[in-house]
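Engineer: This is the structure, below, for whatever I ask next.
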Amino acid sequence: MVNAGDMNGSGNLMDFLDEPFPDVGTYEDFHTIDWLREKSRDTDRHRKITSKSKESIWEFIKSLLDAWSGWVVMLLIGLLAGTLAGVIDLAVDWMTDLKEGVCLSAFWYSHEQCCWTSNETTFDDRDKCPQWQKWSELLVSQSEGASAYILNYFLYIMWALCFAFLAVSLVRVFAPYACGSGIPEIKTILSGFIIRGYLGKWTLLIKTVTLVLVVSSGLSLGKEGPLVHVACCCGNFFSSLFSKYSKNEGKRREVLSAAAAAGVSVAFGAPIGGVLFSLEEVSYYFPLKTLWRSFFAALVAAFTLRSINPFGNSRLVLFYVEYHTPWYMAELFPFILLGVFGGLWGTLFIRCNIAWCRRRKTTRLGKYPVLEVIVITAITAIIAYPNPYTRRSTSELISELFNDCGALESSQLCDYINDPNMTRPVDDIPDRPAGPGVYSAMWQLALALVFKIVITIFTFGMKIPSGLFIPSMAVGAMAGRMVGIGVEQLAYHHHDWIIFRNWCRPGADCVTPGLYAMVGAAACLRGVTRMTVSLVVIMFELTGGLEYIVPLMAAAVTSKWVADAFGKEGIYEAHIHLNGYPFLDVKDEFTHRTLATDVMRPRRGEAPLSVLTQDSMTVEDVETLIKETDYNGFPVVVSRDSERLIGFAQRRELILAIKNARQRQDGVVSNSIVYFTEDPPELPPNSPHPLKLRRILNLSPFTVTDHTPMETVVDIFRKLGLRQCLVTRSGRLLGIITKKDVLRHMAQMANQDPESIMFN
46 MVNAGDMNGS
56 GNLMDFLDEP
66 FPDVGTYEDF
76 HTIDWLREKS
86 RDTDRHRKIT
96 SKSKESIWEF
106 IKSLLDAWSG
116 WVVMLLIGLL
126 AGTLAGVIDL
136 AVDWMTDLKE
146 GVCLSAFWYS
156 HEQCCWTSNE
166 TTFDDRDKCP
176 QWQKWSELLV
186 SQSEGASAYI
196 LNYFLYIMWA
206 LCFAFLAVSL
216 VRVFAPYACG
226 SGIPEIKTIL
236 SGFIIRGYLG
246 KWTLLIKTVT
256 LVLVVSSGLS
266 LGKEGPLVHV
276 ACCCGNFFSS
286 LFSKYSKNEG
296 KRREVLSAAA
306 AAGVSVAFGA
316 PIGGVLFSLE
326 EVSYYFPLKT
336 LWRSFFAALV
346 AAFTLRSINP
356 FGNSRLVLFY
366 VEYHTPWYMA
376 ELFPFILLGV
386 FGGLWGTLFI
396 RCNIAWCRRR
406 KTTRLGKYPV
416 LEVIVITAIT
426 AIIAYPNPYT
436 RRSTSELISE
446 LFNDCGALES
456 SQLCDYINDP
466 NMTRPVDDIP
476 DRPAGPGVYS
486 AMWQLALALV
496 FKIVITIFTF
506 GMKIPSGLFI
516 PSMAVGAMAG
526 RMVGIGVEQL
536 AYHHHDWIIF
546 RNWCRPGADC
556 VTPGLYAMVG
566 AAACLRGVTR
576 MTVSLVVIMF
586 ELTGGLEYIV
596 PLMAAAVTSK
606 WVADAFGKEG
616 IYEAHIHLNG
626 YPFLDVKDEF
636 THRTLATDVM
646 RPRRGEAPLS
656 VLTQDSMTVE
666 DVETLIKETD
676 YNGFPVVVSR
686 DSERLIGFAQ
696 RRELILAIKN
706 ARQRQDGVVS
716 NSIVYFTEDP
726 PELPPNSPHP
736 LKLRRILNLS
746 PFTVTDHTPM
756 ETVVDIFRKL
766 GLRQCLVTRS
776 GRLLGIITKK
786 DVLRHMAQMA
796 NQDPESIMFN
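In our numbering, the protein residues as written are 46 to 805.
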């Protein structure tokens, strides 16, 4: 037998991994991180920095910089997210109007900006000015007539097709991950899943550019959801500049949670709603420190967007409104009806959209994404142009539906028959009988509502950036405005009815149809996304009025009850399951009486568990085991006979350790013994140098007994963010349960296809 000094000429056996080497501690693509391990690594790093800070002034300054790096990252995220959101808003405004005409004085001006600079605009024709010309006026010098209408119609379709084709081509060629909403993948990433490139610089650039193109094309989608993806790309970029976040996937996800809050902040102009959205909807791990940093990032982003002022109204969103009439208790009934409609619409949309997306994935339809986008864009443009409520951008439509009818409004929705003797203030116009413009608008809104409901089902999920917030709000706002006008006219013509007698006297301003539109929008958005608290706060921040929180809460709760009666899965969770991502939702309940032994592998009839022994396998044995299996890691036992558990070694770290040992440590060959103990095993004389890999061994892997209820195991995986846990009996290894095993078991118990879970 030889001792360590005989084996190493220097007298000391090299303990491999005493010095870190590249990529140790990182994860493979499409794998789940180990939250406990990341937390432990960050604690060790922080302890090391704290102890070093007492050694010198320079180390103390470095510790302060490390402590402040989180706030610096939040500041940078807020600044970039706010700037990008402002640029997107300005570009969308210009390119949407470009489909209908161009500003001769400055082609980069939108229609509204062009007429701001004109001195020849009148109040009655505020949208008309000599500097702005429709394409028919510019090309054939005609503004009216059939030929002018057909030319404008044709060019509207051509511009829409051009924008959509350019967007889908850019996504397909440069950044395939830039498609979709991004929120399902963000939720999955924040739960610990690795999708390399999804938050990369190319994805950020292409998503920003194509988001402008697809929204401008007139497709039934919004930019609010993708803005969360854009903000998270910003967060990923800035976190990579600081080793504190770039080398720790758990800490990186804290930054991404704050970035998601900043994304919603600039999407809706709702900083508090953004923080609550991140907490309620997307984040998996949200400590108190992240709450404060999310608030700071959302604040900076909102301030940056306000400084850019993209809409020229000193507001953060296009559809900011203020109402001047209180709501009454009798109105709760139509508000609740709107909540029922929102829940039913949400259920219908989720089921139809998932069915269509599943068909896209499993048939030849999915092989032609460019053709699909072109066809849907053509259908949308052809049907949308004749109806003024579908021709304009969806944000402008929502803005008009939310608006209260004042004396300065020229919309068809405000075409009421006025009393010539009325001498009331501008903000206190009484209820009036509807004029022909209102009845015409009601028919157009009804047609637009049916069109939006149908076309959004086919649009969401195509290979382009596509948000769902705005189309859902538009559906609810149209339904709500029609209900509001109906209640208003009912109250006007039947003010002597018992339900109106106490609060709606003749000549009073009783009903605000715009409020019904806002409540309907909240109900439909709730039905689709299943947000609750954050939704109400976002809508409250949009309107700036605490007075209307109760109607919003009533509609949101009703929508939740109705939608949950058909299934508790929102659209984002449905897309996560459709894509097979390993997402363990905290909202899911597991009530079945199964045990760990029913789920663990190996099962009866399967090959025994692949394990490493602590000191009897060679480098070649380990490499062969790695080559013949695709497991993420291997339990380490004392021996194959005893099966006494020692620890757990990750596959990736074994590969990197052996590769680097061959390069950096002399004498390591294929028949070198690999050992995971503190002291080297006793070897015959002239044996090759052994390889010590104790430093990559997890000596405290999470274990459960074979009789642990699966309800407890699911809770452990959910709350601790485990990748796997080992099953033992009296310290003897029996099997292993991975996150994929848990998800497949839950799917099987719910009578779903367990093979739909594709990743671990």
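Yeah, the Cβ is synthetic: ideal placement off N, Cα and C, and Gly gets one too. Please read all numbers here as calculations on a predicted model, not as lab measurements.
Closest by CA to Lys613, which one among Ser732, Gly308, Gly391, Met755?
Structural biologist: Here residue 613 refers to the residue found at position 568 when the sequence shown is read from its first residue. Of the candidates Ser732, Gly308, Gly391, Met755, the one whose C-alpha sits nearest the C-alpha of Lys613 is Gly391.
Engineer: Can you give me the start and stop residues for the alpha helix (DSSP H) that Lys173 sits inside?
Structural biologist: The residue you call residue 173 lines up with position 128 of the sequence shown. Taken as a continuous stretch (DSSP letters only), Lys173 belongs to no alpha helix (DSSP H), as it is neither H nor E.
Engineer: Using a Cβ-Cβ cut-off of 6 Å (strictly less than) and excluding sequence neighbours within five positions of Pro414, which residues of its own chain qualify?
Structural biologist: By one-based count along the sequence shown, residue 414 stands at place 369. Only Lys508 meet the Cβ criterion.
Engineer: Cys207 to Leu235, Cα distance in whole Å?
Structural biologist: Numbered from 1 along the sequence shown, position 162 holds the residue referred to as residue 207. Numbered from 1 along the sequence shown, position 190 holds the residue referred to as residue 235. Taking the straight line joining both Cα atoms gives about 35 Å.
Engineer: Where does Leu807 land, buried or exposed, given buried means 16+ other C-beta within 10 angstroms?
Structural biologist: Because the chain here runs from 46 to 805, residue 807 falls outside it and cannot be looked at.
Engineer: Nearest CA to the CA of Ala37: which residue from Val656, Leu513, Tyr561?
Structural biologist: A question about residue 37 goes unanswered here, because the residues of the chain that appear run from 46 up to 805.
Engineer: With the cut-off set at 9 Å, would you say Ile421 and Phe340 are in Cβ contact?
Structural biologist: Here residue 421 is taken as the residue at index 376 of the sequence shown, counted from 1. Here residue 340 is taken as the residue at index 295 of the sequence shown, counted from 1. No, the pair does not count as a contact, with Cβ atoms beyond the cut-off.
Engineer: Which residues in the same chain have their Cβ closer than 7 Å to the Cβ of Leu120, if we skip the five residues on either side of it in sequence?
Structural biologist: Working through the sequence shown from its first residue, we reach residue 120 at position 75. Same-chain partners within the cutoff: Val345.
Engineer: I need the straight-line Cα distance from Ser517 to Thr141, nearest angstrom please.
Structural biologist: Locating residue 517 in the sequence shown gives position 472, counting from the first residue. Locating residue 141 in the sequence shown gives position 96, counting from the first residue. The straight-line gap from Cα to Cα measures roughly 20 Å.
Engineer: Is DSSP giving Cys450 helix, strand or coil here?
Structural biologist: In the sequence shown, the residue the question calls residue 450 occupies position 405. Residue state, collapsed to three classes: coil.
Engineer: I need the straight-line Cα distance from Gly263 to Arg437, nearest angstrom please.
Structural biologist: Position 218 of the sequence shown, counted from the first residue, corresponds to residue 263. Position 392 of the sequence shown, counted from the first residue, corresponds to residue 437. So the alpha carbons of these two residues sit roughly 8 Å apart.
Engineer: So for Leu771, helix, strand or coil by DSSP?
Structural biologist: Sequence index remark: in the sequence shown, residue 771 carries index 726 (1-based). Strand at Leu771.
Engineer: Among Trp606, Pro433, Thr663, Phe378, which one has its Cα closest to the Cα of Met576?
Structural biologist: The sequence position of residue 576 within the sequence shown is 531, counting from 1. Of the listed residues, the one whose Cα sits closest to Met576 is Trp606.
Engineer: Could you spell out where the beta strand (DSSP E) holding Ala694 opens and where it closes?
Structural biologist: In the sequence shown, the residue the question calls residue 694 occupies position 649. It spans 690-695 - the beta strand (DSSP E) in which Ala694 sits, taken as one unbroken run.
Engineer: Name the DSSP beta bridge partners of Met791, please?
Structural biologist: For the purposes of this step, residue 791 is taken as residue 746 along the sequence shown, with counting starting at 1. Answer is none; Met791 lacks a bridge partner.
Engineer: Hey, is the stretch 289-308 in contact with the stretch 318-329, meaning 3+ C-beta pairs nearer than 8 Å?
Structural biologist: Yes, they touch.
Engineer: What is the DSSP secondary structure of Ala315, counted as helix, strand or coil?
Structural biologist: Here residue 315 corresponds to residue number 270 of the sequence shown, with the count starting at 1. Residue state, collapsed to three classes: coil.
Engineer: Jot down the residue ranges of each uninterrupted beta strand (DSSP E) in the stretch 252-337, minimum 3 residues, whole runs only, in chain order.
Structural biologist: Segments of the beta strand (DSSP E) lying fully in the stretch 252-337: there are none.
Engineer: Curious, which full-length alpha helix (DSSP H) runs of at least 4 residues does the stretch 631-682 contain?
Structural biologist: Here the runs fully enclosed are 641-644, 664-673.
Engineer: Given this structure, state the Cα-to-Cα distance separating Leu629 from Val656, to the nearest angstrom.
Structural biologist: Residue 629 sits at position 584 when you count from the first residue of the sequence shown. Residue 656 sits at position 611 when you count from the first residue of the sequence shown. Cα to Cα, the separation comes out at about 27 Å.
Engineer: Enumerated in chain order, which unbroken segments of the alpha helix (DSSP H) with a length of 4 residues or greater are wholly contained in the stretch 560-601?
Structural biologist: For the stretch 560-601, whole alpha helix (DSSP H) runs of length 4 or above, ordered along the chain, are 578-588.
Engineer: Helix, strand or coil: how does DSSP classify Lys97 here?
Structural biologist: Position 52 of the sequence shown, counted from the first residue, corresponds to residue 97. Helix at Lys97.
Engineer: Please check the pair Met807 and Thr588, which I expect to be a contact at CB under 8 Å, by giving their CB distance rounded to whole angstroms.
Structural biologist: Because the chain is modelled from 46 through 805, residue 807 falls outside the range shown and cannot be assessed.
Engineer: Taking its Cβ as the centre, do 16 or more other Cβ atoms sit within 10 Å of Gln158, making it buried, or is it exposed?
Structural biologist: Locating residue 158 in the sequence shown gives position 113, counting from the first residue. Counting Cβ neighbours within 10 Å, Gln158 comes out buried, since at least 16 surround it.
Engineer: Kindly list the residues whose CB is nearer than 8 Å to the CB of Ser55, restricted to its own chain and excluding five residues on each side of it in sequence; keep chain order.
Structural biologist: Here residue 55 corresponds to residue number 10 of the sequence shown, with the count starting at 1. With a pLDDT of only 32 at Ser55, under the threshold of 50, the placement of this residue in the model should not be trusted, and no figure is reported.
Engineer: Based on the DSSP secondary-structure assignment, which residues constitute the bridge partners of Ile782?
Structural biologist: In the sequence shown, residue 782 corresponds to position 737, counting from 1. DSSP, once it has assigned bridges, lists Cys770 as partnering Ile782.
Engineer: Opposite Lys179 in the DSSP bridges: which residues?
Structural biologist: Stepping through the sequence shown from its first residue, residue 179 is reached at position 134. Answer is Gly146, bridged to Lys179.
Engineer: Among the residues of its own chain, which have a CB less than 8 Å from the CB of Ile428, if the five just before and after it don't count?
Structural biologist: As a first step, residue 428 is located in the sequence shown; it is residue number 383 there, counting from the start. Answer for Ile428: Thr435, Phe496, Ile500, listed in chain order.
Engineer: Check Pro510 in the structure and name its three-state DSSP category.
Structural biologist: The count along the sequence shown starts at 1 and reaches residue 510 at position 465. If DSSP states are grouped into helix, strand and coil, Pro510 belongs with the strands.
Engineer: For Gln797, name the three-state secondary structure that DSSP assigns.
Structural biologist: Here residue 797 refers to the residue found at position 752 when the sequence shown is read from its first residue. In the structure shown, Gln797 sits in coil (DSSP, three-state: anything other than H, G, I, E or B).
Engineer: Confirm, please, whether the CB-CB distance from Thr783 to Arg768 is below 9 Å.
Structural biologist: As a first step, residue 768 is located in the sequence shown; it is residue number 723 there, counting from the start. As a first step, residue 783 is located in the sequence shown; it is residue number 738 there, counting from the start. Cβ distance < 9 Å, so Arg768 and Thr783 count as in contact.
Engineer: Decide if Ile616 is buried, meaning its Cβ has at least 16 other Cβ atoms within 10 Å, or exposed.
Structural biologist: Within the sequence shown, numbered from 1, the residue matching residue 616 stands at position 571. Buried, because 16 or more other Cβ atoms sit within 10 Å of the Cβ of Ile616.
Engineer: Alpha carbon to alpha carbon, how far is Val683 from Lys764?
Structural biologist: Mapped onto the sequence shown, residue 683 falls at position 638. Mapped onto the sequence shown, residue 764 falls at position 719. Their backbone Cα atoms lie some 30 Å apart in a straight line.
Engineer: Beta strand (DSSP E) containing Val749: first to last residue?
Structural biologist: Taking the first residue of the sequence shown as 1, we reach residue 749 at position 704. Taken as a continuous stretch (DSSP letters only), the beta strand (DSSP E) holding Val749 covers 748-750.
Engineer: From this set, Val532, Ile671, Arg638, which residue's C-alpha is nearest Glu752's C-alpha?
Structural biologist: Residue mapping note: residue 752 aligns to position 707 of the sequence shown, counting from 1. First, the residue type needs correcting, since residue 752 is His and not Glu in the sequence shown. Ranking Val532, Ile671, Arg638 by Cα distance to His752 puts Arg638 first.
Engineer: If you follow the beta strand (DSSP E) that Val719 is part of, which residue opens it and which one closes it?
Structural biologist: Against the sequence shown, residue 719 aligns to sequence position 674. First-last of the beta strand (DSSP E) with Val719: 718-720.
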